[in-house]
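Below is one structure, written out as structure tokens; comments come after it.
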């Protein structure tokens with residue numbers, strides 16, 4: 025049982041490694057996530073604000089992972105590609121874009137008051 029669990033964790037980490045190595049957008053979103061986590065620990069956010077930001081980070085990264093899975097699966101069928109394959113890829117990418125824009129708006133709403141105070145203090 026323990027070995028099976030370790031193999032599962034190893035496979036999951038290998039999958040994350042593949043994403044980080046081969047998927048530019050996943051790398052960018054991971055860097056943004058790290059920056060947000062650092063900012064969460066610099067500014068005095070409430071536990072609810074931190075929870076919302078962490079949930080948004082997870083949603084964005086998971087959607088990007090599913091987008092990458094979808095692209096790889098659809099690439100298998102490329103030789104006999106149906107017209108919908110490109111549409112499906114575009115819709116999956118659009119899903120990530122909409123969620124990232126939404127997360128950016130929510131993040132701005134959460135961080136703006138803290139950044140405003142910080143910048144006011146900085147430029148006095």
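Numbering (this note's numbering), first residue to last: 25 to 148.
A virtual CB, placed ideally from N, CA and C, is assigned to each residue, including glycine.
Small disclaimer: the values here were computed from a predicted structure and weren't measured.
> Using a Cβ-Cβ cut-off of 7 Å (strictly less than) and excluding sequence neighbours within five positions of residue 77, which residues of its own chain qualify?
Replying inline: For the purposes of this step, residue 77 is taken as the residue at position 53 of the chain shown. Excluding residues within five positions, the ones whose Cβ falls inside 7 Å are 60, 64, 131, 134.
> Below 7 Å between beta carbons: does that hold for residue 98 and residue 113?
Replying inline: Here residue 98 refers to the residue found at position 74 of the chain shown. Here residue 113 refers to the residue found at position 89 of the chain shown. A contact, by the Cβ cut-off of 7 Å.
> Taking the Cβ atom as the reference point for each residue, do residue 57 and residue 91 lie within a distance shorter than 7 Å?
Replying inline: Sequence index remark: in the chain shown, residue 57 carries index 33 (1-based). Sequence index remark: in the chain shown, residue 91 carries index 67 (1-based). Here residue 57 is not near residue 91, since their CB atoms are 7 Å or more apart.
> Per DSSP, what kind of secondary structure is residue 63 in: helix, strand or coil?
Replying inline: Position 39 of the chain shown, counting from 1, holds the residue named residue 63. Helix at residue 63.
>> Just to confirm my understanding: we take residue 62, look at its own chain, exclude 5 residues before and 5 after, and list those with CB closer than 7 Å. What are they?
In response: In the chain shown, the residue the question calls residue 62 occupies position 38. So the list is empty, once near-sequence residues are dropped.
>> My parser needs the alpha helix (DSSP H) runs of 4 or more residues fully inside the region 64-129; what are they?
In response: Segments of the alpha helix (DSSP H) lying fully in the region 64-129: 71-100.
>> Between residue 123 and residue 83, how many whole angstroms is the CB-CB distance? I'm expecting something under 8 Å.
In response: One-based indexing of the chain shown puts residue 123 at position 99. One-based indexing of the chain shown puts residue 83 at position 59. Your pair residue 123 and residue 83 checks out as a contact, with CB atoms roughly 6 Å apart and the cut at 8 Å.
> Do residue 88 and residue 120 have their CB atoms nearer than 7 Å?
Replying inline: Taking the first residue of the chain shown as position 1, residue 88 is located at position 64. Taking the first residue of the chain shown as position 1, residue 120 is located at position 96. Residue 120 sits close to residue 88, with the two beta carbons spaced by under 7 Å.
>> Please report the distance separating the alpha-carbon of residue 67 from that of residue 40.
In response: One-based indexing of the chain shown puts residue 67 at position 43. One-based indexing of the chain shown puts residue 40 at position 16. Residue 67 and residue 40 have their C-alpha atoms roughly 29 Å apart.
> What are the boundary residues of the alpha helix (DSSP H) that residue 29 is part of?
Replying inline: Translated into positions along the chain shown, residue 29 becomes position 5. Residues 26-46.
> How long is the line joining the alpha carbons of residue 100 and residue 118, rounded to whole angstroms?
Replying inline: If you number the chain shown from 1, residue 100 lands on position 76. If you number the chain shown from 1, residue 118 lands on position 94. Each residue's alpha carbon lies about 21 Å from the other.
> Is the Cβ-Cβ distance between residue 127 and residue 80 less than 7 Å?
Replying inline: To locate residue 127, count along the chain shown from 1; it is residue 103. To locate residue 80, count along the chain shown from 1; it is residue 56. Inclusion of residue 127 and residue 80 in the CB contact set at 7 Å is warranted, their separation being smaller than that value.
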